[in-house]
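Sequential numbering of the sequence shown, starting at 347, is according to the working numbering. Taking it in order: structure first as C-alpha cells, then the write-up.
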Amino acid sequence: MISASITYRVFGPIFLFLCFLSQETNAQVSPFIDIANAYNGLNIEFLGVAHTGIYDQGAAEITAYDEATGVVLVTNAAKNTLMKLDISNPVQPEWVDEVSLDSYGGGLNSIDIHNGIVAVALEAETQTDSGTVVFFNTENLSFSHQVKVGPLPDMLVFTNSGTLLTANEGQPNSSYSIDPEGSVSVIFRATDHEQHTVQHADFTSFSRTQLLQKGVRLSSMDENVGKDLEPEYITVDETRGVAYVSLQENNALGIIDIDNARVTDIVGLGEKDHSLEGHGFDGSDRDDQVQIKPWPVFGLYMPDAIAGFEHADEFFIVSANEGDSREYGSYSDEVRVKDLSLDPTSFDASIQSDDQLGRLQVITPFRDEDVNANGDVKKLYAFGTRSMSIWDHQGRLIFDTGDLVEKKTADFFPEDFNSDNAENDSKDSRSDAKGPEPEAVTIGTLGGKTIAFLGLERIGGVMLFDVTIPDLTQYMGYVNARNFSAHFSEDDSEILDLEAVVESGPESITLVPSIDNTNAIIMVLGNESTGSVTLYKISYRHATTSADVTYSSLPNGFELKQNIPNPFNPVTQIEFEVFTPDVLELHVYNILGQRLTTLHQGPTTRGEYQVEFDGTSLSSGVYYVELKSQHHLAYISMLLTK
C-alpha cells in the first residue's frame, strides 16, 4: 500500500532560532533549525544537554535507551566507562551512575540493550586478538556474564528475539604484520548467562576473484579475503531473519542468514559519478570559497552506519556514506590528487592546482584498468560520497541525496561550511577530505511518516528525510546546536569552553518515546568531540491542508506509466491512461520538491495520453512526475543523465 500527501511537494525553507536557558550551564543556547514548508507540521525543540567536560576523546559516543529503567546508557571511551544518564527531566539530564570496564578487556566500542540487559563490545588489549561482549544489568550496572567474539568488535545490535550480532572489524596492527579476519559473531540467547551459544559468520567461502567481479574493493593480494573485509555496522531485517553489514573500506554490503550464522552474499555498492550535475562537491580547502560543482571524480559510497525499514513488504537499507581510508602506520591508501601522475587524455592538468582538486585526498589506484600503459591514472576515486543513500534488499541503489547535504550546510552556515568537528574557525578545512562526513543514521516513525535521521560528523547536526516512499525521498529539515563562536580548539586548551559549544561530532542517534506526547519522540545525540549528550523533542502532524491518499482505498481512475526512455537525455515521453473522466494535473518536480513545470491540466476524457518532457535546461539527476485528481494520486521517478 502506497500513501502520500497532496501537499507533499511544496518546499521552501523556514528558519527557526529557538533560544533557551540551559539549567546546567546558565548559558544561552540558540540551535539552528530549518523545516521545509511541505513539512510545516514538523516541530523540533531543543531540550537539554549533559556534559562530561572531556574534549575530543569520545567521552559521549554511543547511546542506547533502556525502557525498563527509563535511562540512557552512554559509552565514555576517554575513561573506558559505561555511564548512566537520567532523562526523566530531559531539560536537565543528569549523570547518575558509572561503571569501569578496565577489568573486562580493552577499550569499549558499542552498546545495545535488550530486556534489562546491556551488551558492551570491548576490543582486546591487543587489538588483533579476539574481543569480548560483556553483559550488565541495566538497573544497577551489575555484571552478568562475558562472551568471546571476533577481533575488534566495533558495533553490536540485538534482534527482537534477543540474538546479538557483533561486527568484528578485524583491523591489522600498526605495522601491518598481523591482519585478523573480519567476521560477524552471532550470540543466540545472548542475555542468558547459562544457555547462550556463539557462532561466527566469516567470509572464507568467497574468493578474491569472485568478489572483484562483484565490484568489492580489495586492498590486499591475499587470497584469504576475510583479512581484507572489515565489518563496520549492522542492521537487521526482523521479518526475514537477515542481517546486513556494511563493509566500509570495501565499499560493500554483506548479507547474513542469522539462524545459520552464514554470510550468503557480498554485494559491491558501485560508484557515484561526481561529474554529473547535482552530484558535485567542494574539493578544495585552499580556494577561499564554497565551490560545490561537478568534478571528474568517482566516489565510493563506503557507508559507516546503516539502518533498515520496511515499505510495501520489502526491506530497504539507508546508508550514511562517510568513507574511510586505511592508514596503519606502515601502510596508507590515501594520496592527494596533485601527487599523482594523471593521464593527460582523461584530465585537464589545471585540476591539480590547490584551489581545484590538487589537495583532494583520493584512493591510491587499486585496479589495473584505472591506469594507462605508462602508469598514469585514468580514474580518480574519492572516499565516501558526502551523501545518504537508500538500497533495496539486494544492494541495488534506489535513491541518493546527491549534493544536497553540502549545499544545505553551505546555505545555512556559509562562514563555517565544511568545518572540522574538533575546532571552530575551521571553515573549508574538510573540503579536501570527506566534507561533512555523514556518520550516523537511524530510522523513526512519526505521524505516519518513516523518517531517516542523518548525523553529520564534521560540521555537526542532524538532517531529517522523509523516506516513506524510498524512491521519492524528501528533505524535511536540519538541526544543529553547535555554537561556532565559542572557544573550541586544541590550541586554545586554556580557554576551551565545551559547554558553550554545546555539541559537535555526532556519532550516534537514539530515539526515545516521549512521555508526554505519543506523537513525539526524544532524539538523543552522542557527541564525541564535545563529550556531550544533547536531547531534542521532535513531533510531526500533517498540516490541516493535507489529505492522505492511499492507492488501495481510491477508485482506479487512471494509470501513470513509466516514462520512455528512462534514463533519458534530454527528452522523454510520459504516458498515462484515463479510465474514468476527471480533472487531472500532471506536474514535474525536482529532488527538492520544487515544481518545475505542468505538462497537463484540466478535464480529461477516457483514453491513452502521451506528453513530452524536455530536460535540455536541467541538470542530471532524479526528477519526479505527479499525476493527480481530486480522488487519486500517482508518482514515478525519472533519471536525466547528461
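Where a beta carbon is used, it is the ideal one built from N, C-alpha and C, also for glycine. Everything numeric in this text was worked out from a predicted model, so none of it was measured.
Inset, instruction - Take the Cβ of Gln556 as the centre, count every other Cβ of all protein chains shown within 10 Å, and call the residue buried at 16 or more, exposed below. - result: exposed
Legend entry - Same chain, Cβ closer than 6 angstroms to Gly290, five either side skipped, listed in chain order: Residue 290 lies beyond the residue range present for the chain, which begins at 347 and ends at 988; the question has no answer from this structure.
Legend entry - Cα-Cα separation between Asp928 and Leu985, rounded to whole angstroms: 29 angstroms
Inset, instruction - Thinking Leu998 and Val723 are a contact (beta carbons under 8 angstroms), I'd like their distance in whole angstroms, please. - result: In this structure the chain extends from 347 to 988, so residue 998 is not present and cannot be described.
Legend entry - Asp583 burial status per 10 Å Cβ neighbour count (16 or more: buried): buried
Legend entry - Residue burial classification, Ile602 (beta-carbon count within 10 angstroms, cutoff 16): buried
Legend entry - Delimiting residues of the alpha helix (DSSP H) encompassing Arg554: 554-559
Inset, instruction - Can you tell me the Cβ-Cβ gap for Ser529 and Asp548, rounded? I've got them flagged as a contact below 8 angstroms. - result: 5 angstroms
Inset, instruction - Apply the 10 Å Cβ neighbour rule to Lys639 and answer buried if 16 or more other Cβ atoms are within range, or exposed otherwise. - result: exposed
Legend entry - Between the CA atoms of Phe811 and Asp894 - distance to the nearest angstrom: Confidence at Asp894 is low in this model, with a pLDDT of 34, below 50, so its placement is unreliable and the value that follows should be read with caution. Cα to Cα, Asp894 sits roughly 19 angstroms from Phe811.
Legend entry - Phe959 versus Glu972 - alpha carbon distance: 13 angstroms
Inset, instruction - Per DSSP, which residues does Asp960 bridge with? Please list them. - result: Val917
Legend entry - Assigned exposure category for Asn720 - 16 Cβ within 10 Å defines buried: exposed
Inset, instruction - Have a look at Ile652 and Gly453 and give me their C-alpha separation to the nearest angstrom. - result: 23 angstroms
Legend entry - Counted within 10 angstroms of its Cβ, other Cβ atoms place Met567 as buried (16 or more) or exposed: exposed
Legend entry - Close Cβ partners of Tyr677 (< 7 angstroms) along its chain, the five nearest in sequence each way excluded: Tyr522
Legend entry - Alpha carbon of Gly806 to alpha carbon of Asn826, nearest angstrom: 6 angstroms
Inset, instruction - Mark Arg732 as exposed unless 16 or more other C-beta atoms lie within 10 angstroms of its C-beta, in which case mark it buried. - result: buried
Inset, instruction - Answer yes or no: do Met734 and Ser621 have a C-beta to C-beta separation smaller than 8 angstroms? - result: no
Legend entry - Closest by C-alpha distance to Gln559, when choosing among Ile867, Ser592, Leu593, Gly616: Gly616
Inset, instruction - Can you say whether Pro949 is buried or exposed, counting buried as having 16 or more other CB atoms within 10 angstroms of its CB? - result: exposed
Inset, instruction - Identify whether Ser839 lies in helix, strand or coil by the three-state DSSP scheme. - result: helix
Legend entry - Local Cβ density within 10 Å of Ile937, reported as buried at 16 or more and exposed below that: buried
Legend entry - Residues bridged to Val420 [DSSP beta-bridge criterion]: Thr409, Met429
Inset, instruction - Could you name the residues of the same chain whose beta carbon sits closer than 6 angstroms to that of Asp432, not counting the 5 residues immediately before and after it, in chain order? - result: Val417, Glu440, Val442
Legend entry - Option nearest Ser507 by Cα separation, candidates Gln492, Asn486, Asp538: Asp538
Legend entry - Span separating the alpha-carbon of Asn597 from that of Asp738: 16 angstroms
Inset, instruction - Provide the residue(s) that pair with Pro499 in DSSP beta bridges, ordered along the chain. - result: Asn514
Legend entry - CA-to-CA distance, Trp641 to Phe693, given in whole angstroms: 10 angstroms
Inset, instruction - Can you give me the start and stop residues for the alpha helix (DSSP H) that Thr755 sits inside? - result: 750-758
Legend entry - Beta-carbon contacts of Thr987 that lie in its chain and below 6 angstroms, excluding the five residues immediately before and after: Pro913, Asn915, Ser966
Legend entry - For Asp448, the nearest candidate out of Gly394, Thr427, Asp402 (CA to CA): Thr427
Inset, instruction - Taking 8 angstroms as the cut-off, decide whether the C-beta atoms of Val562 and Gly614 are in contact. - result: yes
Legend entry - the segment 773-780 contacting the segment 630-637, beta-carbon criterion three pairs below 8 angstroms: yes
Legend entry - Length at least 3, wholly inside the segment 780-814: the beta strand (DSSP E) runs in chain order: 784-792, 795-802, 808-812
Inset, instruction - Spatial neighbours of Gly953 within its chain, please: CB distance less than 8 angstroms, with the 5 preceding and 5 following residues excluded, ordered by chain position. - result: Glu923, Val924
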